[in-house]
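Reviewing the structure listed below.
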């Protein structure tokens with residue numbers, strides 16, 4: 002923490018702040034400057050709250066200098082975290098540490114036929130993880146809310162046939178045990194990124210968690226949400242950039258690809274990209290997917306539906322199996338250029 | 002829904018879309034124009050998904066023209082909803098319909114002394130509702146997380162002594178019965194505004210719900226979140242504008258006061274303002290509180306702490322009891338000018 | 002400037018940065034901490050560029066601690082700046098220092114009749130400044146672009162008859178002499194807030210400048226734009242909050258009223274509010290205007306048109322003369338409560 | 002334009018709107034629906050202003066359905082626009098239509114040595130256009146403002162030696178003739194994207210214009226700014242995505258790569274990407290540059306400085322010549338995969 006005094010502050014004003022810092026059992030380090038005095042604070046083990054100094058009318062600003070995250074930081078753990086699960090063809094399905102994992106499937110589980118067709122098609126094209134929503138968080142209470150536990154059973158069948166681990170979203174703390182039992186990767190959606198009760202709940206189970214960035218979450222908040230999960234004992238967290246909300250409305254979201262190289266420097270957790278939600282238009286999905294692999298992401302999450310025009314949810318952003326297969330060809334070619342293992 | 006065809010679309014292209022609309026059991030109304038053809042769709046009872054038309058390459062745009070909310074709409078219920086609870090001095094505590102309700106108290110319940118002092122002071126200054134957080138949603142897992150059920154008990158004591166109904170935040174669906182039993186107004190916080198499981202849960206109890214606007218929630222999403230609660234049978238919903246996230250960082254949030262007159266036209270639900278979170282700095286709270294009453298808001302939610310410098314949460318945005326009392330004087334004077342009952 | 006080293010930085014790494022600071026003729030003040038070392042820099046007369054330290058891979062962050070503005074700062078000039086011009090009834094028209102000035106008139110000068118009617122009506126209702134656009138910056142090249150120099154002449158006639166000083170927007174550096182000659186208050190619009198050539202040009206004339214906040218301008222950039230004008234010798238600058246661009250689209254802009262108390266603390270310049278652009282809907286203008294006066298703004302800028310339905314520009318946000326007169330009544334009542342001179 | 006009536010509107014209310022539309026010499030097409038009536042308007046040649054209908058209290062919404070841009074639209078001109086100039090080695094330097102053009106050079110022209118070194122190095126690595134700012138728009142009036150006309154002369158020398166056409170920014174309408182004479186591609190910067198006087202001025206000269214997207218400009222506004230230039234007779238416009246302003250502050254801007262495939266569908270103009278401003282950190286530039294080429298952009302604009310640590314402007318986002326050369330290798334490899342001519 003750095004305390005910046007007002008230019009008009011006297012030595013006595015500064016002394017008052019210095020004394021207050023000592024009452025917190027911390028060490029004040031005054032730095033007199035040409036225009037104003039600053040006071041560096043040392044001795045704290047965690048982040049201090051700038052709020053503590055807001056009451057001193059002679060304090061101009063209190064600037065935090067430690068970063069509040071710990072367990073997710075690359076400064077704490079320099080090597081990449083790899084999430085590895087039993088996968089198809091008796092080979093592991095992996096994300097992170099140079100392994101590029103593709104998660105594909107429909108937005109929502111709609112029927113046995115729809116789900117099994119999707120699973121077979123994405124597997125054939127090269128996906129190694131399967132996605133499908135059983136519990137759907139929808140903006141409108143009048144929209145399709147998912148097949149719920151029946152959906153989980155269908156996902157289990159898809160895994161049994163194709164060998165792909167399944168990724169599906171949890172939306173209620175009361176479902177944690179159910180998910181721990183039936184699901185391979187538990188997804189926390191963008192709208193629940195700061196549902197701290199849910200973060201703590203999934204932090205206490207032994208399943209990898211795919212954490213989507215909230216629509217208006219800063220990267221710092223994103224990392225702090227991951228920190229909640231790790232703090233409860235679960236270090237298998239995959240970060241997923243899926244677009245943020247900005248003033249632009251011609252795209253569904255603004256995919257913040259620029260966050261990738263920065264997150265890579267800050268954290269050891271794997272980082273994947275969801276271009277389907279990131280743009281909201283299937284015609285833009287392939288270009289953004291190519292971008293993600295060219296940048297060095299650890300994977301992709303892509304919505305594929307056997308018949309997007311009839312999809313009960315997110316049809317316009319879903320690829321057909323044929324377009325997904327075509328996309329996988331260029332994804333592989335770019336992965337070769339950047340040295341990613343697919 | 003209005004379908005706008007591309008300028009290059011032929012009559013056959015348009016016919017294909019017209020036919021598709023018929024398969025949905027809806028009525029297509031083609032409107033040939035100078036530059037392009039549009040097709041109005043009628044016969045739908047709810048909102049249609051624009052996504053349905055994204056597959057037609059000759060469709061330029063699909064524009065929804067119905068509004069997706071119903072139960073919260075002023076078109077459905079023209080008169081104001083009033084939330085009324087037993088209040089201090091054997092008079093009701095009311096929000097809405099010309100009644101201006103002030104909710105005040107500390108961000109978090111910290112101790113019996115802190116809470117009772119706060120309750121007495123805000124009551125003395127004219128507040129008729131008491132707030133205090135027992136379960137705290139915090140960005141960092143290392144911050145104070147609240148006194149939890151012990152906090153609920155202390156709030157009950159404050160109500161017993163002062164007569165003020167208590168408002169406190171719920172953060173987990175598993176706590177709904179507990180809150181239904183002990184709390185007068187159940188608050189759903191900004192971070193949980195789209196926690197649909199929680200919205201459904203509080204929609205099924207018989208307690209007024211104070212719903213805070215999410216940090217990046219559009220007004221449409223805000224109203225749809227209220228719709229979730231009403232749809233489950235609970236029509237006692239108070240909307241609370243508390244600031245949105247924008248590019249500006251010198252204030253904690255950007256208080257969207259311009260939303261008030263618009264929401265007033267769109268919905269019958271009462272609308273209050275939280276200037277404490279809206280700005281994040283106690284020095285700016287009084288000006289924004291005066292603005293809210295001058296605009297015709299139905300109430301205020303203000304953080305007051307007996308000793309803000311020692312607050313465990315949100316100290317910098319909390320007023321002292323003396324500053325709160327001073328603010329109430331000017332709030333009353335402006336309420337007189339605009340004809341609000343305080 | 003405070004330099005924060007990485008946790009892994011060695012003493013030698015820190016020494017390299019210390020040496021570099023010395024080459025800039027500045028004084029490094031190392032502060033060793035529990036987790037990492039920070040280096041306070043003193044001896045600089047202006048703001049340093051954090052960029053200078055981005056090359057050191059052991060530097061975690063470089064945090065500016067001086068504020069970059071000077072001439073506009075309340076730390077430099079504690080008393081309020083007042084803009085005062087000859088006004089109607091041989092009384093000055095004033096903005097700032099407790100004087101609440103109302104600027105009203107149509108968005109665009111359209112015809113002699115329209116302009117003179119508007120001028121008489123707003124004067125009658127109590128406005129002391131008159132606005133009207135002669136050169137219009139329009140998003141579309143196909144929209145009405147203003148009456149240009151003919152418009153300036155009509156504005157001069159309105160001033161001659163009513164005594165109100167006129168406020169109108171400049172959009173081209175080539176027009177500066179023309180404006181200096183004919184206009185009382187030169188407006189720099191939101192889209193030109195960082196047109197630095199224009200800021201320098203209006204800084205060199207002897208006319209008050211009304212500077213509108215850019216749609217995506219931070220408060221720091223807003224103050225720096227004012228600094229450009231002052232630096233060129235013109236200290237008569239009025240800041241105008243007129244709404245910022247956010248994700249919300251149901252209002253034209255998001256009026257950032259929360260910036261007012263903060264700007265008041267940071268600068269001595271007067272601050273007014275434009276609720277017409279701030280919301281884009283005449284039905285919301287009165288509520289926001291009342292809010293501004295209740296908060297302690299130094300004035301209002303309001304669009305009034307004799308016949309909004311026929312307006313060539315911004316009709317939907319313009320008040321009729323009757324609605325403007327009604328608004329002025331409540332503005333005066335609230336001004337009395339907060340002690341502003343109208 | 003589609004007019005949506007309120008649910009409570011009577012037939013007489015609708016008739017009033019229908020009559021008004023006829024007074025505008027347009028054709029009303031009423032579409033009675035289950036919940037409300039809508040009125041499609043046809044017969045207009047340009048975009049109508051929704052504002053026209055804001056006065057009718059029974060009108061719920063007025064929705065524009067024509068797009069306001071024309072000359073820049075792919076609907077008007079389906080084939081790609083190619084900007085072609087005499088380039089190095091007696092080969093044209095081209096952007097658009099499958100030609101991938103790389104523009105590189107320092108942020109600012111600082112000295113003959115700095116500029117010539119930069120020019121030689123970027124040419125050697127494969128750039129075919131050279132950039133360098135002579136007139137610098139800076140947030141602070143106390144920052145380096147550029148070498149101005151002396152800078153233009155140095156750029157001409159760089160062109161003479163290397164054969165690369167030069168790209169440099171104009172910031173004042175008074176300089177248009179000077180630029181038309183000395184500069185190959187005239188850049189309009191982000192802060193001037195809606196400086197309409199400047200857009201008209203560069204629209205009237207015979208030089209390609211590189212138009213940067215404004216920090217808070219919607220894609221629609223971006224296209225309309227290009228429309229201003231084309232309307233004045235200059236169709237050689239290159240669009241440049243350079244990052245938008247969002248709530249995220251850990252990156253300098255948020256590079257909106259998702260806009261690329263959408264712009265590609267909407268306009269025939271070439272679209273390039275500036276990853277240097279897009280992220281603000283040289284360490285993130287290569288990943289974003291690779292993303293742009295993988296997506297199918299028409300080119301890149303990259304800041305390269307012989308000695309970034311000593312740069313007078315934007316040092317932290319500038320690549321060294323060595324890093325730029327390394328980047329060009331992977332850009333070429335990815336260009337091969339996606340079929341772009343480099």
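Protein chains in written order, with this note's numbering: chain A, 2 to 343; chain B, 2 to 343; chain C, 2 to 343; chain D, 2 to 343.
For glycine and all other residues, C-beta sits at the position ideal for the given N, C-alpha and C.
Between residue i and the rest of its own chain, which residues show a CB-CB distance below 8 Å, the 5 nearest in sequence each way excluded?
{"i": "residue 319/D", "result": "107, 108, 277, 283, 304, 305, 306, 309, 312"}
{"i": "residue 327/C", "result": "287"}
{"i": "residue 147/B", "result": "109, 110, 134, 135, 136, 137"}
{"i": "residue 83/A", "result": "95, 96, 97, 98, 100, 271"}
{"i": "residue 356/D", "result": "Because residue 356/D is not part of the residues shown, which for chain D are 2 to 343, the question remains open."}
{"i": "residue 261/C", "result": "242, 272, 274, 293, 296, 297, 298"}
Assign residue i to buried or exposed, taking buried as 16 or more other Cβ atoms, counted over all protein chains shown, within 10 Å of its Cβ.
{"i": "residue 92/C", "result": "exposed"}
{"i": "residue 114/B", "result": "exposed"}
{"i": "residue 174/D", "result": "buried"}
{"i": "residue 266/C", "result": "exposed"}
{"i": "residue 176/B", "result": "buried"}
{"i": "residue 13/D", "result": "exposed"}
{"i": "residue 186/C", "result": "buried"}
At which residues does the beta strand (DSSP E) containing residue i begin and terminate?
{"i": "residue 30/B", "result": "28-33"}
{"i": "residue 329/D", "result": "Taken as a continuous stretch (DSSP letters only), residue 329/D belongs to no beta strand (DSSP E), being part of the alpha helix (DSSP H) at 322-339."}
{"i": "residue 144/A", "result": "Neither: residue 144/A is in no beta strand (DSSP E) and is coded neither H nor E."}
Please state whether the Cβ-Cβ distance between residue i and residue j is less than 9 Å.
{"i": "residue 213/C", "j": "residue 241/C", "result": "yes"}
{"i": "residue 131/B", "j": "residue 139/B", "result": "no"}
{"i": "residue 157/A", "j": "residue 168/A", "result": "no"}
{"i": "residue 63/D", "j": "residue 19/D", "result": "no"}
{"i": "residue 252/C", "j": "residue 263/B", "result": "yes"}
{"i": "residue 153/C", "j": "residue 184/C", "result": "yes"}
{"i": "residue 292/D", "j": "residue 292/A", "result": "yes"}
From which residue to which residue does the alpha helix (DSSP H) around residue i run?
{"i": "residue 113/A", "result": "113-126"}
{"i": "residue 228/A", "result": "220-232"}
At 9 Å on the CB atoms, spell out the chain B contacts of residue i, in chain order.
{"i": "residue 340/C", "result": "Under the 9 Å cutoff, chain B gives no residues; its nearest Cβ is about 10 Å from residue 340/C."}
Identify the contact partners of residue i in chain C, using a Cβ-Cβ distance below 8 Å as the criterion.
{"i": "residue 275/B", "result": "Here the premise fails: no neighbours, minimum Cβ distance about 12 Å."}
Using a cut-off of 7 Å between C-beta atoms, extract the partners of residue i located in chain D.
{"i": "residue 76/B", "result": "7, 8, 9"}
If I measure Cβ to Cβ from residue i and keep anything under 6 Å in the same chain, skipping five residues before and after, which residues do I get?
{"i": "residue 50/D", "result": "none"}
{"i": "residue 122/D", "result": "322"}
{"i": "residue 128/B", "result": "103, 105"}
{"i": "residue 194/D", "result": "215, 218, 226"}
{"i": "residue 126/C", "result": "325, 326, 329"}
{"i": "residue 269/A", "result": "75, 78, 81, 82"}
{"i": "residue 7/B", "result": "59, 61"}
Ordered along the chain, which non-local residues of its own chain (more than five positions away) have a Cβ less than 7 Å from that of residue i?
{"i": "residue 23/D", "result": "29"}
{"i": "residue 149/A", "result": "135, 136"}
{"i": "residue 201/A", "result": "229, 233"}
Starting from residue i, find everything on chain B with Cβ-Cβ shorter than 7 Å and list it in chain order.
{"i": "residue 304/C", "result": "Per Cβ cutoff of 7 Å: no residues; residue 304/C is ~15 Å from chain B at best."}
{"i": "residue 30/D", "result": "32"}
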